[in-house]
Amino acid sequence: MTRGEWNKKEELLAEQAAKHLRAYTPLLAAFASTARAEMALLLKVQEYCYENMSFMRAFQKLVLLLYKKNVLSEEVILKWYREPNSVKGKVMFLDQMKKFVEWLQSAEEESDSGDDDD
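In the numbering used here, the protein residues as written are 3 to 120.
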């Protein structure tokens, strides 16, 4: 898809990008079969969104899609959030990801406390 075919409105652009990415999630999942590969994918998405100003606000939506489609695991997303890395733009995306990461952490804590009941 050429640059001119993307919608100019940020919210519509994010939806459009997610729609296109959704078609490739089975392929991405096949390649992101290890935590290391998942992290590499997440860092590439971060880098792409940072370098393409139109996609800066789409980052969280794209990561959420990859999580829901089992391409990215919660462990990798939490590791990305907690650990510093040198890929451009992370600081900009931390705020976007804050609510989602808080939700992941609370879900993780609930599953940990549920394991104690057994």
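For each residue, glycine too, the CB sits at the ideal point set by N, CA and C.
Do residue 30 and residue 43 have their C-beta atoms within less than 8 Å of each other? Within the sequence shown, residue 30 is the residue found at index 28, counting from 1. Within the sequence shown, residue 43 is the residue found at index 41, counting from 1. Closer than 8 Å, so yes.
Taking C-beta to C-beta, are residue 41 and residue 51 nearer than 8 Å? Taking the sequence shown and counting its residues from 1, the one referred to as residue 41 is at position 39. Taking the sequence shown and counting its residues from 1, the one referred to as residue 51 is at position 49. Cβ distance not < 8 Å, so residue 41 and residue 51 don't count as in contact.
In three-state DSSP terms, what is residue 27? As a position in the sequence shown, residue 27 is number 25, starting the count at 1. In the structure shown, residue 27 sits in a helix (DSSP, three-state: H, G or I).
Which of helix, strand or coil DSSP assigns to residue 73: The sequence position of residue 73 within the sequence shown is 71, counting from 1. Note: residue 73 maps to coil in three-state DSSP.
Residue 108 to residue 86, Cα distance in whole Å? Translated into the one-based positions of the sequence shown, residue 108 becomes position 106. Translated into the one-based positions of the sequence shown, residue 86 becomes position 84. For residue 108 and residue 86, the distance between alpha carbons rounds to 22 Å.
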